[in-house]
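Note sheet for the following structure.
In the numbering used here, the protein residues as written are 387 to 1159.
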């Protein structure tokens, strides 16, 4: 084992660990000291921002491992640093529940000088071991909050509870330090523990009826956090304002703004100038003032004005789109810059829910007037509107009426030749050949499909090395830990995730087994690898074993928002040539009960096939449309990914491993945009294809027998093969054997030259195989 490294800390850690084995340049595996580790499960590597990265595949965290290593001098426990701040979180009645404590490493001799840590300590004076020097907590405190069943209440909750409709404005900021800054100016302020992305329903409940001003931090996470908090508070708060502080540095906050000269009076003016948000902002519904009902005085009934009803739906984002066909429209809705295909039934659900939930009960019914000033009657209630809708449901909720909805002007935010975009909960990520960056949705120009939204936040981990990350290690494993094959696989995943369709690069990605065996076992990780794409972009998985091109409705589940069609576990002799046209041209689709539609090439999906066999194909057309990758036999029936990582990939991951997965997949896209589809020297593709197209015996015989440039008598070859495998091929005809020779030349990309010449007075046929220039 080569332990040579310029990093003294890493070298010391490696010397202290047991069963250390180097797996690649700068990466090692060893037994984890934090648990009973019979099979080495600890990955060790050098980090960019810290001397050593430790990842235990059994789930031990960094702190648990560091506790067992005396040599890990750059790690530090909170009590090794200096307590720089303590913030007590209390119940509404003022009882201390827990503290958030800020620790700083101020020792200039320490390698981690300047680092900070935030830890939570629950106030549990009756708890065994609370306080004292043994656990590093003050008297009455123990480490943690969640494990002690304590809710993450808002900071300064007693003061927040005093602020109602008639009370002071409550400022919502990101961090206790900012709360204190505002309190010094005489304002009421609060924050939620653990920062951006951790807002809870109970926080919303605590601010019900309050006048709220949100001051987001100046970074993508902070801006999205502020927007999300506003969305949560709009239905319950008396008023909500979202104020962007001017001239704040990147990642700056209200404290930085104050340090730069901002004053309480300046802030008051900014708040006064900021418009009060309403439910039609930040993606919330518009059209609350559109009254689509009226009173028929003669009949004494509530009736529906169909023209106003159409206007009401349009104000709420409903409309129709001709995105799949110039002749037939689809119903859709745009909300939060997100497009969702909808239906008559869903519009009915929305309208009835609006009438029964959004219109206040017990306050009468709003009625229209000729001067656009609404009036109210107490003779009718919202339920009377619902009754009117139900009485005429076949009219008001009909395809015929909804044909009068206006077409939606959909300007989609799409991938370009140089960029790919991914849409997470806390912003969208732009990937280019130079890297990737999380950006706030306020910078997104256009709309996206609902299926494009990834239901988790993105964390940028570009400052860390991926050694030890589950997905990074998995991709190395299935590629046999061969650098070039790994690059080919990564760029293939990047190509599939890149939504831009380049007419010059029209490839189907094919994942197949490297190992050649009599029994096609599979289980090498192909389906699992393909499944990963479902977690980053809209992917339709198709049963490749039972798929039939002969069905008129074979592709009826493919939509304009489908980015990848994943043919899983394709059968032997799959007719791949029938995909040629949809790979390189427009995509016609027929759905049951609907007109035939055509998705343009630019909007059509890319194709992925996984198989235990070899996809058959001949000639340049096949080669131009495929990018084939062999999966090593690292995994199999006796060693699965679950055995390797001691947990199921995807299903058993926590937030940290999902963040790592996202960064690996973004890196694949970056690599593709930089390098294109990378090839490698295939191991067994040609042999397995020849075996599949001829027979196993011929493939074995031909690959061992022929030498390029040598001249062979054709009939003698036929006799030689039959004799070598006698008596199995006594009925093999010369013509069929000749076709096999042609298959051999084509599969191995050899030129087959034939000639006739006399030998012993007879004209004989000779064949020579030559390498192509």
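Ideal placement from N, C-alpha and C gives every residue a C-beta, glycine not left out.
Bear in mind the structure is a predicted one, so any value in this text is a computation, not a measurement.
| message | Would residue 644 and residue 567 be called neighbours here (beta carbons separated by less than 8 Å)? | response | Residue 644 places its beta carbon less than 8 Å from that of residue 567.
| query | In this structure, does DSSP put residue 1086 in helix, strand or coil? | reply | Correct three-state label for residue 1086: helix.
| query | Helix, strand or coil: how does DSSP classify residue 689 here? | reply | In this structure, DSSP gives residue 689 an extended state, which the three-state scheme calls strand.
| task | Quick one: give me the first and last residue of the alpha helix (DSSP H) that residue 1124 is part of. | result | That run of the alpha helix (DSSP H) goes 1120-1133.
| query | Can you give the beta carbon distance from residue 1072 to residue 1125, rounded, assuming they're within the 8 Å contact cut? | reply | Approximately 17 Å separates the beta-carbon atoms of residue 1072 and residue 1125; this is outside 8 Å, ruling out the contact.
| query | Buried or exposed: residue 781, going by 16 or more other Cβ atoms within 10 Å of its Cβ? | reply | Exposed.
| field | CB-CB length for residue 807 against residue 799, believed under 8 Å | value | Cβ-Cβ separation between residue 807 and residue 799: approximately 6 Å, consistent with a contact (criterion under 8 Å).
| residue 718 - containing alpha helix (DSSP H), residue span | Judged by DSSP secondary structure, residue 718 falls outside any alpha helix (DSSP H) and instead within the beta strand (DSSP E) spanning 716-721.
| query | Taking Cβ positions, are residue 657 and residue 593 nearer each other than 8 Å? | reply | Taking 8 Å as the Cβ cut-off, residue 657 and residue 593 do not qualify as a contacting pair.
| Counted within 10 angstroms of its Cβ, other Cβ atoms place residue 996 as buried (16 or more) or exposed | Label assigned to residue 996: buried.
| said: Give the list of continuous beta strand (DSSP E) stretches no shorter than 3 residues that lie fully inside the stretch 583-632. | reply: Correct list: 597-600, 625-628.
| said: What does the alpha-carbon distance come out to for the pair residue 979 and residue 709? | reply: Residue 979 and residue 709: Cα-Cα distance of roughly 18 Å.
| On the three-state DSSP scale, how would you describe residue 559? | When DSSP states are grouped into helix, strand and coil, residue 559 belongs to the coil group.
| task | Would you mind working out which of 764, 914, 557, 829 sits nearest residue 1035, comparing C-alpha positions? | result | Here the closest residue by C-alpha is 914.
| How many angstroms separate the CA atom of residue 472 from the CA atom of residue 455? | Pairing residue 472 with residue 455, the inter-Cα distance amounts to about 29 Å.
| Proximity below 8 Å, CB of residue 880 to CB of residue 1059 | Between residue 880 and residue 1059, the CB-CB gap stays under 8 Å.
| request: Helix, strand or coil for residue 1158, going by three-state DSSP, please let me know. | output: Three-state DSSP puts residue 1158 in coil, outside helix and strand.
| task | Determine the burial state of residue 713: buried for a count of at least 16 other Cβ atoms within 10 Å of its Cβ, exposed for fewer. | result | Looking at its Cβ environment, which holds fewer than 16 other Cβ atoms inside 10 Å, residue 713 is exposed.
| task | Since I believe residue 1031 is in contact with residue 443 (beta carbons under 8 Å), could you give me their beta-carbon distance rounded to a whole number of angstroms? | result | Correct: roughly 5 Å between the Cβ atoms.
| Span separating the alpha-carbon of residue 388 from that of residue 937 | At residue 388, the pLDDT of 39 sits below 50, so the modelled position is not reliable; the number obtained from the coordinates is stated separately. Whole-angstrom Cα-Cα distance: 59 Å.
| Residue of 432, 890, 920, 765 minimising C-alpha distance to residue 1062 | Selected option, being the one with the closest Cα: 890.
| field | Three-state secondary structure (DSSP) of residue 733 | value | Three-state DSSP puts residue 733 in a helix.
| said: If distances are taken between C-alpha atoms only, which option among 1110, 625, 1070 comes closest to residue 1087? | reply: Considering only alpha carbons, the answer is 1110.
| Is the closest heavy atom of the ligand PLP to the C-beta of residue 1040 under 7 Å? | No copy of the ligand PLP appears in this structure; indeed no ligand is present at all.
| Of the residues 422, 1016, 484, the one placed nearest residue 897, counting alpha carbons only | For residue 897, the nearest C-alpha among the options comes from 1016.
| request: Hey, could you find the ends of the alpha helix (DSSP H) residue 788 is sitting in? | output: Element bounds for residue 788: 785-788.
| Excluding sequence positions up to five away, which residues of its chain have a Cβ less than 7 Å from the Cβ of residue 969? | Excluding positions up to five away in sequence, the list reads 892, 894, 993, 1011.
| Sequence-distant residues of the same chain with beta carbon closer than 7 Å to residue 1176, five excluded per side | Residue 1176 falls outside the range modelled here, since the chain spans only 387 to 1159, and no answer is possible.
| field | Candidates 1081, 396, 1143, 1083, of which the one nearest residue 1098 by Cα | value | It is 1143 whose Cα lies nearest to the Cα of residue 1098.
| field | Nearest to residue 753 (by Cα), restricted to the options 1065, 791, 394, 689 | value | Comparing Cα-Cα distances from residue 753 to each of 1065, 791, 394, 689, the minimum goes to 689.
| said: According to DSSP, simplified to helix, strand and coil, what is residue 444? | reply: In the structure shown, residue 444 falls within a coil segment according to DSSP collapsed to helix, strand and coil.
| task | Specify whether the stretch 770-786 and the stretch 802-816 touch according to this definition: at least 3 beta carbon pairs, one from each stretch, less than 8 Å apart. | result | Short answer: they don't touch.
| task | Could you please give the first and the last residue of the uninterrupted beta strand (DSSP E) stretch that includes residue 980? | result | Note, residue 980: premise wrong, no beta strand (DSSP E); not H, not E.
| said: Could you give the first and the last residue of the continuous beta strand (DSSP E) run that contains residue 772? | reply: According to the DSSP assignment, residue 772 belongs to no beta strand (DSSP E) but to the alpha helix (DSSP H) extending over 768-777.
| field | Nonlocal neighbours in the same chain, by C-beta distance under 6 Å from residue 858, ignoring five residues either side | value | For residue 858, where only same-chain residues beyond five positions count, the Cβ hits under 6 Å are 852, 1050.
| message | By DSSP's criteria, residue 530 is part of a beta bridge. Which residues make up the other side? | response | Per DSSP, 507.
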